[in-house]
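Here the protein sequences come in this chain order: Y, U, F and H. Using UniProt numbering, read the first sequence as starting at 1 and increasing by one per residue. Using UniProt numbering, read the second sequence as starting at 1 and increasing by one per residue. Using UniProt numbering, read the third sequence as starting at 1 and increasing by one per residue. Using UniProt numbering, read the fourth sequence as starting at 1 and increasing by one per residue. Cβ coordinates follow ideal geometry from the N, Cα and C atoms, glycine included. Contents: one structure, followed by commentary.
There are 4 protein chains.
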Amino acid sequence: MLNRVILIGRLTRDPELRYTPSGVAVTQFTIAVDRPFTSQGGEREADFIPVVTWRQLAETCANYLRKGRLTAVEGRIQVRNYENNEGKRVYVTEVIADNVRFLESSREGGSGNGGGAPREEAPYSGGGNRSTGNNSGGYSRGNQDPFSDDGKPIDISDDDLPF
Amino acid sequence: MLNRVILIGRLTRDPELRYTPSGVAVTQFTIAVDRPFTSQGGEREADFIPVVTWRQLAETCANYLRKGRLTAVEGRIQVRNYENNEGKRVYVTEVIADNVRFLESSREGGSGNGGGAPREEAPYSGGGNRSTGNNSGGYSRGNQDPFSDDGKPIDISDDDLPF
Amino acid sequence: MLNRVILIGRLTRDPELRYTPSGVAVTQFTIAVDRPFTSQGGEREADFIPVVTWRQLAETCANYLRKGRLTAVEGRIQVRNYENNEGKRVYVTEVIADNVRFLESSREGGSGNGGGAPREEAPYSGGGNRSTGNNSGGYSRGNQDPFSDDGKPIDISDDDLPF
Amino acid sequence: MLNRVILIGRLTRDPELRYTPSGVAVTQFTIAVDRPFTSQGGEREADFIPVVTWRQLAETCANYLRKGRLTAVEGRIQVRNYENNEGKRVYVTEVIADNVRFLESSREGGSGNGGGAPREEAPYSGGGNRSTGNNSGGYSRGNQDPFSDDGKPIDISDDDLPF
DNA sequence: TTTT
DNA sequence: TTTT
Numbered sequence: 001m002l003n004r005v006i007l008i009g010r011l012t013r014d015p016e017l018r019y020t021p022s023g024v025a026v027t028q029f030t031i032a033v034d035r036p037f038t039s040q041g042g043e044r045e046a047d048f049i050p051v052v053t054w055r056q057l058a059e060t061c062a063n064y065l066r067k068g069r070l071t072a073v074e075g076r077i078q079v080r081n082y083e084n085n086e087g088k089r090v091y092v093t094e095v096i097a098d099n100v101r102f103l104e105s106s107r108e109g110g111s112g113n114g115g116g117a118p119r120e121e122a123p124y125s126g127g128g129n130r131s132t133g134n135n136s137g138g139y140s141r142g143n144q145d146p147f148s149d150d151g152k153p154i155d156i157s158d159d160d161l162p163f
Numbered sequence: 001m002l003n004r005v006i007l008i009g010r011l012t013r014d015p016e017l018r019y020t021p022s023g024v025a026v027t028q029f030t031i032a033v034d035r036p037f038t039s040q041g042g043e044r045e046a047d048f049i050p051v052v053t054w055r056q057l058a059e060t061c062a063n064y065l066r067k068g069r070l071t072a073v074e075g076r077i078q079v080r081n082y083e084n085n086e087g088k089r090v091y092v093t094e095v096i097a098d099n100v101r102f103l104e105s106s107r108e109g110g111s112g113n114g115g116g117a118p119r120e121e122a123p124y125s126g127g128g129n130r131s132t133g134n135n136s137g138g139y140s141r142g143n144q145d146p147f148s149d150d151g152k153p154i155d156i157s158d159d160d161l162p163f
Numbered sequence: 001m002l003n004r005v006i007l008i009g010r011l012t013r014d015p016e017l018r019y020t021p022s023g024v025a026v027t028q029f030t031i032a033v034d035r036p037f038t039s040q041g042g043e044r045e046a047d048f049i050p051v052v053t054w055r056q057l058a059e060t061c062a063n064y065l066r067k068g069r070l071t072a073v074e075g076r077i078q079v080r081n082y083e084n085n086e087g088k089r090v091y092v093t094e095v096i097a098d099n100v101r102f103l104e105s106s107r108e109g110g111s112g113n114g115g116g117a118p119r120e121e122a123p124y125s126g127g128g129n130r131s132t133g134n135n136s137g138g139y140s141r142g143n144q145d146p147f148s149d150d151g152k153p154i155d156i157s158d159d160d161l162p163f
Numbered sequence: 001m002l003n004r005v006i007l008i009g010r011l012t013r014d015p016e017l018r019y020t021p022s023g024v025a026v027t028q029f030t031i032a033v034d035r036p037f038t039s040q041g042g043e044r045e046a047d048f049i050p051v052v053t054w055r056q057l058a059e060t061c062a063n064y065l066r067k068g069r070l071t072a073v074e075g076r077i078q079v080r081n082y083e084n085n086e087g088k089r090v091y092v093t094e095v096i097a098d099n100v101r102f103l104e105s106s107r108e109g110g111s112g113n114g115g116g117a118p119r120e121e122a123p124y125s126g127g128g129n130r131s132t133g134n135n136s137g138g139y140s141r142g143n144q145d146p147f148s149d150d151g152k153p154i155d156i157s158d159d160d161l162p163f
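Below, the structure is given as structure tokens:
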């Protein structure tokens with residue numbers, strides 16, 4: 001009935017821009033948010049939270065965000081689930097963002113990632129997302145996960161868009 | 001660096017109260033939060049979001065919350081991970097709540113679950129949590145999951161407490 | 001750069017619906033939000049926070065909200081200022097809401113205000129708003145306050161709309 | 001019943017640290033938060049939102065925040081009121097912060113305010129707050145306003161502390 | 001495994 | 001001017 005999340009943290013990698021078959025942009029990235037306390041061993045800990053953006057916001061994020069950049073994200077928690085190739089139901093929790101603020105310009109900060117001007121075309125960043133196995137699924141219930149296991153966009157229609 | 005979540009929804013079941021070996025109370029429940037739009041098929045959808053509370057708040061939740069009750073939850077997103085018994089890393093996302101508001105008193109609303117006065121002793125609710133297999137783990141990195149696979153509290157020290 | 005507010009409380013009066021000259025609906029109400037602690041004298045205290053909604057949401061609020069109803073409000077803080085008739089600058093802080101949830105249906109709760117079905121036409125609720133003096137102003141800087149001192153809508157154009 | 005605010009913006013001045021008679025630290029500053037749209041004239045607009053912090057957080061803010069610094073603030077809206085010297089009731093809305101994040105270190109950004117290392121002793125910054133007249137009041141109802149009209153801390157007890 |  |  002009400003579902004609001006606000007996060008401030010740093011990108012763990014460059015964002016990944018894809019397109020649905022009908023041409024809608026969708027970008028995924030993970031932000032590391034430091035916890036407000038240290039573990040019993042005295043180490044700083046962080047939560048690594050997956051974020052998804054759609055449409056215009058997806059393209060802006062792909063153009064301006066880079067690994068290590070401090071970023072504010074506003075959105076809602078979404079929990080989707082799919083059956084994996086072993087017939088087991090897998091739950092995936094993501095933040096569907098509707099507002100992203102770039103708290104560091106390309107000039108400053110960051111994690112030594114050269115960086116500089118925004119890239120005009122977000123190049124394909126290759127495989128390596130969190131899921132495993134050769135299945136895909138994940139959309140049996142109208143949810144949004146643009147990422148198949150081989151790193152190619154999977155089949156989603158515009159009707160899957162969250163707003 | 002900043003991690004804030006606010007949810008309003010309904011409990012999908014009665015909450016489960018457990019205690020850590022050192023006697024700290026911890027309560028888990030899931031709230032169903034209706035999405036602000038319907039799916040392409042016109043059906044209402046919801047996200048089912050797991051919530052964890054600790055200490056005094058855990059006991060208050062166990063005493064006053066019941067299945068179906070409208071509830072506001074404030075907290076932070078926590079992502080923990082553990083290796084399951086097949087050697088695969090499993091990610092679990094929960095909201096660690098520090099503020100819970102009961103938006104329906106025991107008198108009104110609810111889902112016809114008898115209910116009424118708060119129970120004085122939260123009875124043990126037994127098995128059936130989300131994890132599978134006979135392992136346990138989940139705490140290799142100082143994270144908080146009080147629930148083992150056989151429904152018994154697992155070994156956590158007070159140092160695991162989030163605040 | 002980011003400005004987000006979430007409140008849960010009760011209406012102190014029925015909401016007031018007005019229209020701008022160009023016909024845009026705008027509704028104002030105040031919600032009382034209990035503080036999480038008591039004063040030194042042991043009394044419960046509350047903050048009384050003015051809320052403004054626009055367009056479709058304004059009409060829905062006017063139709064379904066009533067004095068005493070428990071309500072969740074999501075929006076942003078807006079601070080506008082104007083020069084009053086004594087030449088003094090007055091600051092007004094309001095929450096401009098973009099999401100309002102009715103946590104009590106007309107059936108239950110409420111403050112014994114008869115109530116029941118939503119009114120089809122929100123009747124004119126007359127004077128008595130917060131400002132004083134016979135001036136009006138308040139819009140010298142493109143801000144939104146639809147309420148003049150004599151209880152009549154003042155001159156705002158569609159361009160004043162916040163979204 | 002629930003009252004949560006999250007803001008990201010820049011300080012309009014250096015923060016002002018004061019102490020209550022019993023020695024509790026309290027710091028006030030204003031942050032400018034750009035609106036998500038431009039006015040009809042195409043100008044960027046901002047809301048100027050007063051923030052109050054207490055105790056340890058007050059001292060940290062006084063030591064590390066400076067004019068122009070990008071800052072995240074988490075807290076609750078508080079509306080207090082007092083009778084001014086003309087016998088008129090004045091309403092003051094502030095954000096009582098319980099979490100402040102410094103999004104720019106002393107090295108980078110800022111508004112050319114020399115700056116650098118945190119000051120060890122927050123010097124008295126003198127008069128010039130928003131209130132006017134020679135009265136004071138403002139605390140008849142157990143509210144927290146550490147600022148009297150002549151810029152000196154006024155009489156508040158520890159009991160006025162919000163948490 | 002899901003709530004109204 | 002304030003709600004339960």
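Check: How about N3/H: is its C-beta nearer than 8 Å to some C-beta of chain F?
Finding: One-based indexing of the fourth sequence puts residue 3/H at position 3. Judged by the 8 Å Cβ criterion, N3/H is in contact with chain F.
Next item on the list: Use the C-beta contact count for P15/Y: other C-beta atoms within 10 angstroms, 16 or more gives buried, fewer gives exposed.
Entry: For the purposes of this step, residue 15/Y is identified with residue 15 of the first sequence, where counting begins at 1. That one is buried.
Next item on the list: Using a cut-off of 7 Å between C-beta atoms, extract the partners of L17/Y located in chain H.
Entry: If you number the first sequence from 1, residue 17/Y lands on position 17. Within chain H, no residue comes near L17/Y; the closest Cβ sits about 23 Å away, beyond 7 Å.
Notebook entry, point to check: Helix, strand or coil: which one does DSSP assign to E43/F?
Noted result: On the third sequence, residue 43/F is found 43 positions in, with the first residue counted as 1. In this structure, E43/F counts as coil in the three-state DSSP scheme.
Item checked: Those residues which DSSP pairs with Y82/F across a bridge -> On the third sequence, position 82 is the one that residue 82/F refers to. BP columns for Y82/F point to V90/F.
Note to self: Check whether the segment 29-45 of chain H and the segment 19-39 of chain F are in contact - that is, three or more C-beta pairs closer than 8 Å.
What the structure shows: no
Margin query: For V79/U, tell me which candidate among V5/Y, E86/Y, I49/Y, L70/Y has the shortest Cα-Cα distance.
Written below: If you number the second sequence from 1, residue 79/U lands on position 79. Of V5/Y, E86/Y, I49/Y, L70/Y, the residue nearest in Cα terms is I49/Y.
Next item on the list: With DSSP collapsed to three states, give me the class of L103/F.
Entry: Against the third sequence, residue 103/F aligns to sequence position 103. Three-state DSSP puts L103/F in coil, outside helix and strand.
Note to self: For A46/U and R35/U, I'd like the C-alpha separation in whole angstroms.
What the structure shows: The residue labelled residue 46/U in the question sits at position 46 within the second sequence. The residue labelled residue 35/U in the question sits at position 35 within the second sequence. Cα-Cα distance, rounded: 5 Å.
Item checked: Element boundaries [beta strand (DSSP E), containing T27/H] -> If you number the fourth sequence from 1, residue 27/H lands on position 27. Residues 25-38.
Item checked: Per-residue DSSP class, three states only, for L57/U -> Position 57 of the second sequence holds residue 57/U. Here L57/U sits in helix by DSSP.
Check: Any residues in the segment 71-83 of chain F with a beta carbon nearer than 8 Å to a beta carbon of chain U? Which ones, in chain order?
Finding: A72
Next item on the list: Name, please, each residue of chain H whose Cβ falls closer than 7 Å to the Cβ of I8/Y.
Entry: Residue mapping note: residue 8/Y aligns to position 8 of the first sequence, counting from 1. Under the 7 Å cutoff, chain H gives A72, R101.
Notebook entry, point to check: Among the residues of its own chain, which have a CB less than 6 Å from the CB of E94/F, if the five just before and after it don't count?
Noted result: In the third sequence, the residue the question calls residue 94/F occupies position 94. So the qualifying residues of the chain are P50, V52, Q78.
Next item on the list: Check whether the segment 56-73 of chain F touches the segment 90-105 of chain F, taking contact to mean three or more Cβ pairs, one atom from each stretch, closer than 8 Å.
Entry: yes
Check: Taking the DSSP output, what are the residues bridged to N3/H?
Finding: As a first step, residue 3/H is located in the fourth sequence; it is residue number 3 there, counting from the start. Note: N3/H sits in a beta bridge opposite L7/F.
Notebook entry, point to check: In chain order, what residues of the segment 46-74 of chain H put their CB closer than 7 Å to some CB of chain F?
Noted result: D47, F48, I49
Item checked: Residue burial classification, G9/F (beta-carbon count within 10 angstroms, cutoff 16) -> Against the third sequence, residue 9/F aligns to sequence position 9. That one is buried.
Next item on the list: Return the CA-CA distance between N81/Y and V90/Y, expressed in angstroms with no decimal places.
Entry: Numbered from its first residue, the first sequence carries residue 81/Y at position 81. Numbered from its first residue, the first sequence carries residue 90/Y at position 90. About 5 Å.
Next item on the list: Could you check the C-alpha separation between T71/U and R69/F for me, to the nearest Å?
Entry: For this step, residue 71/U is matched to residue 71 along the second sequence. For this step, residue 69/F is matched to residue 69 along the third sequence. Distance between the alpha carbons of T71/U and R69/F: 16 Å.
Note to self: I believe L11/Y touches R66/Y by the beta-carbon criterion, under 8 Å. Please report the beta-carbon distance rounded to the nearest angstrom.
What the structure shows: Position 11 of the first sequence, counted from the first residue, corresponds to residue 11/Y. Position 66 of the first sequence, counted from the first residue, corresponds to residue 66/Y. L11/Y to R66/Y, Cβ: 7 Å. Contact.
Next item on the list: Go ahead and label T38/F buried or exposed: buried means 16 or more other beta carbons lie within 10 angstroms of its beta carbon, across all protein chains shown.
Entry: By one-based count along the third sequence, residue 38/F stands at place 38. Result: exposed.
Next item on the list: Express the C-alpha separation of M1/U and I6/H in angstroms, rounding to a whole number.
Entry: The residue you call residue 6/H lines up with position 6 of the fourth sequence. The residue you call residue 1/U lines up with position 1 of the second sequence. Spanning the two alpha carbons is a distance of roughly 13 Å.
Next item on the list: Show which residues of chain Y have a CB atom less than 7 Å away from the CB atom of T93/U.
Entry: By 1-based counting over the second sequence, the position of residue 93/U is 93. Residues of chain Y passing the Cβ test: T93.
Item checked: beta strand (DSSP E) segment containing R18/F, residue limits -> In the third sequence, counting from the first residue as 1, residue 18/F sits at position 18. Run containing R18/F: 16-19, per the beta strand (DSSP E) assignment.
Next item on the list: Measure the alpha-carbon distance for V92/U versus V92/Y and round it to whole angstroms.
Entry: The residue labelled residue 92/U in the question sits at position 92 within the second sequence. The residue labelled residue 92/Y in the question sits at position 92 within the first sequence. Spanning the two alpha carbons is a distance of roughly 8 Å.
Item checked: Candidates L57/F, G41/F, R44/F, K88/F, of which the one nearest R18/F by Cα -> By 1-based counting over the third sequence, the position of residue 18/F is 18. It is L57/F.
Checklist line | Rounded C-alpha distance that separates S105/H from I96/Y | finding: Your numbering for residue 105/H matches position 105 in the fourth sequence. Your numbering for residue 96/Y matches position 96 in the first sequence. Cα to Cα, the separation comes out at about 29 Å.
Check: Going along the chain, which residues of its own chain have a beta-carbon closer than 7 Å to the beta-carbon of N3/F, five neighbours each way excluded?
Finding: The residue you call residue 3/F lines up with position 3 of the third sequence. Counting only Cβ-Cβ distances below 7 Å, and skipping sequence neighbours, we find R76, I77.
Next item on the list: Give me the Cα-Cα distance between E43/H and K88/U, rounded to the nearest whole angstrom.
Entry: By one-based count along the fourth sequence, residue 43/H stands at place 43. By one-based count along the second sequence, residue 88/U stands at place 88. About 54 Å.
Next item on the list: Within its chain, find whatever has a CB closer than 6 Å to the CB of E74/F; leave out the 5 residues flanking it on each side and keep chain order.
Entry: Reading the third sequence from its first residue, position 74 is the one you call residue 74/F. I6, N99.
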